[in-house]
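Trainee: Sequential numbering of the sequence shown, starting at 11, is according to this note's numbering. I have a structure I would like to understand better, so I am pasting it below and will then ask my questions one at a time.
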Amino acid sequence: MSKQLVSFNEFLVANKTSASLVQLLEQITLASIAISDHLKVGAINDILGSAGSDNIQGEVQKKLDIIANDEFVKYCSTVPNVAALVSEEVEEIYWLKDDPQSEDLIVYFDPLDGSSNLDVNLSVGSIFSISKIGDDFDKSNELSILHVGNKQICAGYTVYGPSTSLVVTTGNGVDGFTYDEKSKQFILSHKQMTVPNETGEYAINTSYYQFWDTPIKRYVDECVAGVNGPRGKKYNMRWTASMVADVHRILVRGGVFMYPKDANNQKAGGKLRLMYEANPMSYLIEQAGGAASTGYERIMDVTPTSPHQRVAVLLGSKAEIEVLNQYHKEAE
Ligand code: AHM
Ligand code: MG
């Protein structure tokens, strides 16, 4: 490898990342590479399509959802300091240690997000969030390992697109790495990613317009009205139906991503999951200078009550999230 190239491992060491976190992140990269290998030949190996089962969310599991989950569990389980795993695909908390210590780690993950994109060969991703077990852990109440988002010590995702890219924060900004097939390493390619304060691009599934609350309708109506509307500027819309790909675009060129609570998902509390979708993406976006809100509060301040809890997600360029928060306030 030429001298100027920095591998993920060299980056972590240079940034004085703790040994246990380095070990865990290495295993997460191995899981990602394994998942990426499965994805590349999914259509040939008959692993596209439904597995014929539902996950805890009552959603149809794809064969690759299960394969990706198994890879994450397999690799993360080898790390001595990991005490527990919480996966989108598994109802229960998966305990690896009988007697977890406060410095031990817990990994919350969505092994394959956006899996409805698989059969049509569009981008998908893996999302992860890492916290310490912490001093408040109460053995008689295993839900006490569900920490509020601002206690994350690391978060990231791998996006499986034209390239396989890993984006990570350990609380010192956000850095992106691209997988190099030749050296079989992730190489630093996007140093200190930032979300510009202003943007002219938004992402939302507009087919739910009829179910939205007033603040979301108002915001999107104003974007659609463009230069002649109250915002006085042209907006572009992009929606990939894969949160990882949408957030990656926002980290690269700015924008706003919205999956609000609406009349359809009101009872569940939203669509996206707090522990392994909203929190890690919020941590990345905030570390890159953006903002992440439910419309009423900062996502990373939401108190978790269950491993698979759902939440409204509005994230991206700060100025636009402030407008969205303001519209929610005015509608109250
Ligand atoms: P999943 O975890 O079951 O894949 O669902 C999450 C995905 C997100 O990646 C994406 O933003 C959203 O669901 C798409 O939902 P919709 O199909 O309602 O547009
Ligand atoms: Mg998901």
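Beta carbons: idealized from backbone N, C-alpha and C, even for Gly.
#1: Over the uninterrupted beta strand (DSSP E) stretch that includes Ile137, give me the two end residues.
#2: Within the present structure, is the beta-carbon of Met291 separated from the nearest heavy atom of the ligand MG by less than 8 angstroms?
#3: Please report the straight-line C-alpha distance between Met285 and Ala235, rounded to a whole angstrom.
#4: Would the C-beta of Ala94 count as close to the ligand AHM, meaning under 8 angstroms from any of its heavy atoms?
#5: Starting from the Cα of Ser252, find the closest Cα among Ile214, Gln276 and Asn207 and give me that residue.
#6: Have a look at Ala78 and Arg241 and give me their C-alpha separation to the nearest angstrom.
#7: Just to confirm, does Leu58 get its C-beta within under 8 angstroms of one of the non-hydrogen atoms of the ligand AHM?
#8: Write down the C-beta distance between Tyr189 and Val177 rounded to the nearest angstrom, noting that I regard them as a contact closer than 8 angstroms.
#9: Considering only heavy atoms of the ligand AHM, does any lie closer than 8 angstroms to the CB of Arg259?
#10: Compute the Euclidean distance between the alpha carbons of Ile143 and Ile155, then round it to the nearest angstrom.
#11: For the ligand AHM, any of its heavy atoms closer than 8 angstroms to the Cβ of Met253?
#12: Quick one, which of Gly159, Ser141 and Leu74 has its alpha-carbon nearest Glu307's?
#13: Could you name each continuous alpha helix (DSSP H) segment of 4 residues or more that falls completely within the stretch 220-303, going from the start of the chain to the end?
#14: With DSSP as the reference, please indicate the residues paired to Val323 in a beta bridge.
#15: What are the start and end residues of the beta strand (DSSP E) that includes Glu211?
#16: To the nearest angstrom, how far is it from the Cα of Leu294 to the Cα of Asp120?
#17: So, for Leu198: in the same chain, excluding its five sequence neighbours on each side, which residues have a beta-carbon less than 6 angstroms away from its beta-carbon?
#18: Inspect the CB distances between the stretch 98-106 and the stretch 214-228 and report whether three or more fall short of 8 angstroms.
#19: Looking only at C-alpha atoms, which of Val257, Met268 and Thr209 sits nearest to Lys244?
#20: Helix, strand or coil for Asn151? Go by DSSP, reduced to three states.
#21: Quick check on the burial criterion: 16 or more other C-beta atoms within 10 angstroms. Buried or exposed for Ala41?
#22: Roughly how far, in whole angstroms, is the beta-carbon of Val266 from the beta-carbon of Tyr219, given that I think they are within contact range, below 8 angstroms?
#23: Within its chain, find whatever has a CB closer than 6 angstroms to the CB of Gly280; leave out the 5 residues flanking it on each side and keep chain order.
#24: Specify, as a first and last residue, the run of the beta strand (DSSP E) that Thr315 falls within.
#25: Among residues of its own chain, excluding the 5 on either side of Pro206, which ones have a beta-carbon nearer than 7 angstroms to its beta-carbon?
#26: How would you call Lys277, buried or exposed, if buried means at least 16 neighbouring beta carbons within 10 angstroms?
#27: Please return the same chain residues whose Cβ sits closer than 7 angstroms to the Cβ of Ser125, not counting the five positions on each side in sequence.
#28: Please go through the same chain and pick out, in chain order, the residues whose beta-carbon is closer than 8 angstroms to the beta-carbon of Gln37, but skip the five residues on each side of it.
#29: Taking the DSSP output, what are the residues bridged to Lys73?
#30: Short of 7 angstroms in beta carbon distance, which residues of its chain neighbour Lys201, apart from the five on each side in sequence? Order them along the chain.
#31: Note down the Cα distance separating Ala329 from Ala53, rounded to an integer number of angstroms.
#32: Since Ile137 and Ile163 should fall inside the 8 angstroms C-beta cutoff, what is the C-beta to C-beta distance between them, to a whole number of angstroms?
#33: In this structure, how does DSSP classify Thr88 when only helix, strand and coil are distinguished?
Mentor: This is what the structure holds:
#1: For the purposes of this step, residue 137 is taken as the residue at position 127 of the sequence shown. Per DSSP, Ile137 belongs to the beta strand (DSSP E) from Val134 to Lys142.
#2: As a first step, residue 291 is located in the sequence shown; it is residue number 281 there, counting from the start. Not under cutoff, so the answer is no.
#3: Residue 285 sits at position 275 when you count from the first residue of the sequence shown. Residue 235 sits at position 225 when you count from the first residue of the sequence shown. Between Met285 and Ala235, the C-alpha separation is close to 35 angstroms.
#4: Here residue 94 corresponds to residue number 84 of the sequence shown, with the count starting at 1. No, since every heavy atom of the ligand AHM falls outside the 8 angstroms radius drawn around the Cβ of Ala94.
#5: Along the sequence shown, one-based indexing puts residue 252 at 242. The candidate whose alpha carbon is nearest that of Ser252 is Ile214.
#6: Indexing the sequence shown from 1 puts residue 78 at position 68. Indexing the sequence shown from 1 puts residue 241 at position 231. Rounded to the nearest angstrom, the two C-alpha atoms are 43 angstroms apart.
#7: To locate residue 58, count along the sequence shown from 1; it is residue 48. Answer for Leu58: no, Cβ out of range of the ligand AHM.
#8: Within the sequence shown, numbered from 1, the residue matching residue 189 stands at position 179. Within the sequence shown, numbered from 1, the residue matching residue 177 stands at position 167. With a Cβ gap of about 12 angstroms, Tyr189 and Val177 do not count as contacting.
#9: Taking the first residue of the sequence shown as 1, we reach residue 259 at position 249. Outside the cutoff, so no.
#10: Here residue 143 refers to the residue found at position 133 of the sequence shown. Here residue 155 refers to the residue found at position 145 of the sequence shown. In a straight line, the C-alpha of Ile143 is about 6 angstroms away from that of Ile155.
#11: Along the sequence shown, read from residue 1 onward, the residue named residue 253 stands at position 243. Checking every heavy atom of the ligand AHM against the Cβ of Met253, one is found closer than 8 angstroms.
#12: Within the sequence shown, residue 307 is the residue found at index 297, counting from 1. Checking every option, the nearest Cα to that of Glu307 belongs to Gly159.
#13: 224-235, 253-263 and 289-297
#14: Within the sequence shown, numbered from 1, the residue matching residue 323 stands at position 313. Answer is Tyr269.
#15: Position 201 of the sequence shown holds residue 211. Here the beta strand (DSSP E) through Glu211 covers Glu211 to Ala213.
#16: Numbered from 1 along the sequence shown, position 284 holds the residue referred to as residue 294. Numbered from 1 along the sequence shown, position 110 holds the residue referred to as residue 120. Between Leu294 and Asp120, the C-alpha separation is close to 15 angstroms.
#17: In the sequence shown, residue 198 corresponds to position 188, counting from 1. These residues qualify, in order along the chain: Val16, Phe21 and Phe187.
#18: no
#19: Here residue 244 refers to the residue found at position 234 of the sequence shown. Comparing Cα-Cα distances from Lys244 to each of Val257, Met268 and Thr209, the minimum goes to Thr209.
#20: Taking the first residue of the sequence shown as position 1, residue 151 is located at position 141. Strand at Asn151.
#21: Here residue 41 refers to the residue found at position 31 when the sequence shown is read from its first residue. That one is buried.
#22: Locating residue 266 in the sequence shown gives position 256, counting from the first residue. Locating residue 219 in the sequence shown gives position 209, counting from the first residue. Incorrect: roughly 16 angstroms between the Cβ atoms, too far for contact.
#23: Sequence index remark: in the sequence shown, residue 280 carries index 270 (1-based). Result list for Gly280: Lys271, Arg320, Val321 and Ala322, in chain order.
#24: Within the sequence shown, numbered from 1, the residue matching residue 315 stands at position 305. From DSSP, Thr315 is part of no beta strand (DSSP E); its letter is neither H nor E.
#25: To locate residue 206, count along the sequence shown from 1; it is residue 196. Excluding residues within five positions, the ones whose Cβ falls inside 7 angstroms are Gly264 and Ser327.
#26: On the sequence shown, residue 277 is found 267 positions in, with the first residue counted as 1. Exposed.
#27: The sequence position of residue 125 within the sequence shown is 115, counting from 1. Excluding sequence neighbours, Ser125 sits near Lys72, Leu74, Asp75 and Val134.
#28: Numbered from 1 along the sequence shown, position 27 holds the residue referred to as residue 37. Tyr85, Cys86, Thr88 and Val89.
#29: For the purposes of this step, residue 73 is identified with residue 63 of the sequence shown, where counting begins at 1. In the DSSP output, where bridge partners are listed per residue, Lys73 has none listed.
#30: Locating residue 201 in the sequence shown gives position 191, where the first residue counts as 1. Result list for Lys201: Asp185, in chain order.
#31: For the purposes of this step, residue 329 is taken as the residue at position 319 of the sequence shown. For the purposes of this step, residue 53 is taken as the residue at position 43 of the sequence shown. If I take the Cα positions, the gap works out to 42 angstroms.
#32: Along the sequence shown, read from residue 1 onward, the residue named residue 137 stands at position 127. Along the sequence shown, read from residue 1 onward, the residue named residue 163 stands at position 153. Between Ile163 and Ile137 the Cβ distance is about 16 angstroms, and since that is not below 8 angstroms, they are no contact.
#33: The count along the sequence shown starts at 1 and reaches residue 88 at position 78. Coil, per DSSP.
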